[in-house]
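Offset between the sequence shown (1-based) and the working numbering: plus 2.
Where a beta carbon is used, it is the ideal one built from N, C-alpha and C, also for glycine.
On a predicted model such as this, the values are computed, not experimentally measured, just so you know.
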Amino acid sequence: MHCRYLVRSALIIAALFAVAGAVSAQNVVKLGLVAEFSGPFAQYGQQILGGMNAYMKLHGDSVAGKKIEIVQKDTTGPSPDVAKRLAQELVTRDNVDILVGFGLTPNALAVAPVASEAKKLMVIMNAATSIITTKSPYIVRVSMTLPQVTQPMAVWAAKNGIKKVYTVVADYGPGLDSEKAFTEAFKAGGGEIVGSVHTPLQNPDFGPFIQRVKDARPEAVFLFLPAGEQGIAFMKGYEERGLKQAGIKLIATGDITDDGVLETMGDSTVGLITSFHYSAAHDSPENKAFVKAYADANGGKLRPNFMAAAGYDGMAAIYEALKKTSGSTDGDKLIAAMKGMKLMSPRGPIMIDPDTRDVVQTVYIRKVEKTSGGLYNVEFDKFPDQKDPGK
Ligand code: PHB
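What follows is the structure in structure tokens.
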């Protein structure tokens, strides 16, 4: 009798716990973060997560009656197979509601079919090859595309007296997109491309490529490399082989002078002109609040780069979409809520293009300057309302 009573009580308690568990699971929105957290691209994951944390620091960790939880996974670098397996595990084992992150294009492309299959919203916070958003109807991109940030650089260069350019781009999706966009817009502006090279994505040795550029004697080099360590190595080679002294200018997308590495690159970057959608020096109240929240959320000293800004804006888009769906995480409802969404980002006004699910934004022309606070990309010209011209 006593024993049966105990068993029954235990069963009732277990049932109550199960109900409580189900209720709390319903009150949680799980974000599965797939990004690069180790290896040469480890900064990507750290910047993206840092931006997401900055958003939560400013706006709290719940929205529409739901608590937001992040489950973090490391692709270890450009590893499509790993990224795909991690995304599958997040969906089937961790029951995440939304997939987020994706620094590198190959990882984003590998996960697109997982989002389609599971009908889960997938928010791209960096990967910038134009075609990515066409690979699943559940993808929204809040970062940029390479054609979008490259075209203004070509237009600006052609208008500012540069006539002969040699292009150097990383040999994969974003680099090839960037080369095509630069070449088309620069030729349309009356410029001439005198040579082009593609550098490997993994462990590039830039020396021979830089020498080839020098020997061709262009007026300028146009450069796209994935942000981070590669830009530091390229700038070193550009200095060492005397391109600056030979009068060969360097123009690039802002990936090279990314706010995460600019101080490390040092004074040789002063005067460098780039085109991009985000600078930590952007002068607006939204950006000042973001830069401060980023430092507060990430141990004080760090500076957010464009990936952090996209992590922040991705969270803003998710919070706003969840408000519209009253907390529903249904992939179709979330996508519908995001189409046409307008946000005031730390980079300026942005909109999710309802047709392409890519971001429409201002692209700025900037120059590296030494300010009292250190080296910064200071914006001095702008191209508002830029869509992805790559589609
Ligand atoms: C990409 O892989 O899509 C990518 C990576 C780094 C960048 C830009 C694009 O700076």
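Residue environment, residue i, which counts as buried when at least 16 other CB atoms sit within 10 Å
| i | result |
| --- | --- |
| Asp390 | buried |
| Glu38 | buried |
| Lys69 | exposed |
| Ala190 | exposed |
| Lys86 | buried |
| Lys75 | buried |
| Pro202 | exposed |
| Gly302 | exposed |
Integer Cβ distance of residue i from residue j, believed to fall under 8 Å
| i | j | result |
| --- | --- | --- |
| Thr255 | Thr271 | Wrong, their Cβ atoms sit about 14 Å apart, outside the cutoff. |
| Pro1 | His284 | Here the chain has residues from 3 to 393 only, and residue 1 is not among them. |
| Met343 | Glu322 | 6 Å |
| Phe226 | Pro176 | 7 Å |
| Gly79 | Gly47 | No, Gly79 and Gly47 are not in contact; Cβ-Cβ is about 10 Å, not under 8 Å. |
| Tyr140 | Ile337 | 6 Å |
| Glu71 | Lys32 | 5 Å |
N-terminal and C-terminal residue of the alpha helix (DSSP H) that residue i is part of
| i | result |
| --- | --- |
| Tyr240 | Glu231 to Glu242 |
| Val157 | Leu148 to Lys161 |
| Gly313 | Phe308 to Lys326 |
| Val98 | Note, Val98: premise wrong, no alpha helix (DSSP H); not H, not E. |
| Lys341 | Here Lys341 belongs to no alpha helix (DSSP H), and DSSP marks it neither H nor E. |
| Gln49 | Ala44 to His61 |
| Ser180 | Gly175 to Ala190 |
| Ile212 | Gly209 to Ala218 |
| Asp298 | Pro287 to Ala299 |
Beta-carbon gap between residue i and residue j smaller than 8 Å
| i | j | result |
| --- | --- | --- |
| Ile275 | Ile133 | no |
| Val113 | Leu35 | no |
| Ser118 | Ala130 | no |
| Val196 | Phe211 | no |
| Glu265 | Leu377 | yes |
| Lys393 | Thr364 | no |
| Phe208 | Gly239 | yes |
| Val116 | Ala89 | yes |
| Gly262 | Lys369 | no |
| Lys325 | Val98 | no |
| Gly67 | Gly233 | no |
| Leu123 | Gly333 | yes |
| Gly188 | Ala160 | Contrary to the premise, residue 188 reads as Phe rather than Gly in this sequence. Yes, these two residues count as a Cβ contact at 8 Å. |
| Pro306 | Gly53 | yes |
| Ile250 | Asn128 | no |
| Ile352 | Val142 | no |
| Met267 | Gly105 | no |
Start and end residues, beta strand (DSSP E) containing residue i
| i | result |
| --- | --- |
| Ala254 | Lys251 to Thr255 |
| Gly376 | Gly376 to Gln388 |
| Ala129 | Neither: Ala129 is in no beta strand (DSSP E) and is coded neither H nor E. |
| Gly197 | Glu194 to Thr201 |
| Pro1 | Since the first and last residues shown for the chain are 3 and 393, residue 1 lies out of range. |
heavy atom of the ligand PHB below 7 Å from residue i C-beta
| i | result |
| --- | --- |
| Asn307 | no |
| Asn128 | yes |
| Pro348 | no |
| Leu106 | yes |
| Gly2 | No answer is possible for residue 2: the residues shown for the chain start at 3 and end at 393. |
| Pro82 | no |
| Ala229 | yes |
| Asp285 | no |
| Asp257 | yes |
| Thr201 | no |
| Thr131 | yes |
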